[in-house]
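Novice: Have a look at this one before I ask anything.
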């Protein structure tokens, strides 16, 4: 079982989420993956600033592998996001290009991990979380 730990100190490394619109959805071809979260956990802040640990709704997304260094990700109901990737031991570390935040995803052989760290105490979103899941060809 994969164990994921959140450290509030790491939040300072991230900036604001980019919104990069594109004209068409991800094409379903040989280099397309369907990814689905197996689990997501994190922290939620309420209006009064109280924090509680909690589970998050599992999400899915589509990834078009453009090249070894580029991915295009389609989240349901959102514009396409272009990610820059670097190969490292165990997989590809990818982050959204442009904008003010990195929304990092690490892709391994058949799976991924990702984080959303723009919540309190550094950002405007009331949540921070990490998740993991699998990616499969259609």
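Residue numbers (the working numbering): 2 to 139.
For each residue, glycine too, the CB sits at the ideal point set by N, CA and C.
Here the structure is a predicted model, which means the values were calculated and not measured.
1. If you count every other CB in all the chains shown that lies within 10 Å of the CB of residue 49, and 16 or more means buried, which is it?
2. Should residue 39 and residue 133 be called a contact, given that it needs their Cβ atoms to be closer than 8 Å?
3. Compare the C-alpha of residue 137 against each of 115, 53, 65 and name the closest.
4. Look at the alpha carbon of residue 73 and the alpha carbon of residue 56, and state the distance between them as a whole number of angstroms.
5. Give the straight-line distance between the Cα atoms of residue 93 and residue 128, rounded to the nearest whole angstrom.
6. In chain order, which alpha helix (DSSP H) runs of at least 4 residues are fully inside the stretch 20-91?
7. Since I believe residue 35 is in contact with residue 70 (beta carbons under 8 Å), could you give me their beta-carbon distance rounded to a whole number of angstroms?
8. Identify the residues that DSSP records as bridge partners of residue 137: which are they?
9. Quick one: does the C-beta of residue 81 sit closer than 7 Å to a heavy atom of the ligand FMN?
10. For residue 43, does the count of other Cβ atoms within 10 angstroms reach 16, so buried, or fall short, so exposed?
Specialist: Reading it off the structure:
1. Locating residue 49 in the chain shown gives position 48, where the first residue counts as 1. Burial call: exposed.
2. Position 38 of the chain shown, counting from 1, holds the residue named residue 39. Position 132 of the chain shown, counting from 1, holds the residue named residue 133. Contact: yes.
3. Working through the chain shown from its first residue, we reach residue 137 at position 136. Ranking the options by Cα distance to residue 137, first place goes to 65.
4. On the chain shown, residue 73 is found 72 positions in, with the first residue counted as 1. On the chain shown, residue 56 is found 55 positions in, with the first residue counted as 1. Their Cα atoms are separated by approximately 27 Å.
5. Counting from one through the chain shown, the residue named residue 93 turns up at place 92. Counting from one through the chain shown, the residue named residue 128 turns up at place 127. Taking the straight line from one Cα to the other gives about 25 Å.
6. none
7. Here the question's residue 70 lines up with position 69 in the chain shown. Here the question's residue 35 lines up with position 34 in the chain shown. Contact flag wrong, Cβ pair sits at about 21 Å.
8. As a working mapping, residue 137 is identified with position 136 in the chain shown. 35, per the DSSP bridge assignment.
9. This structure lacks the ligand FMN; in fact it carries no ligand of any kind.
10. By one-based count along the chain shown, residue 43 stands at place 42. So residue 43 counts as buried.
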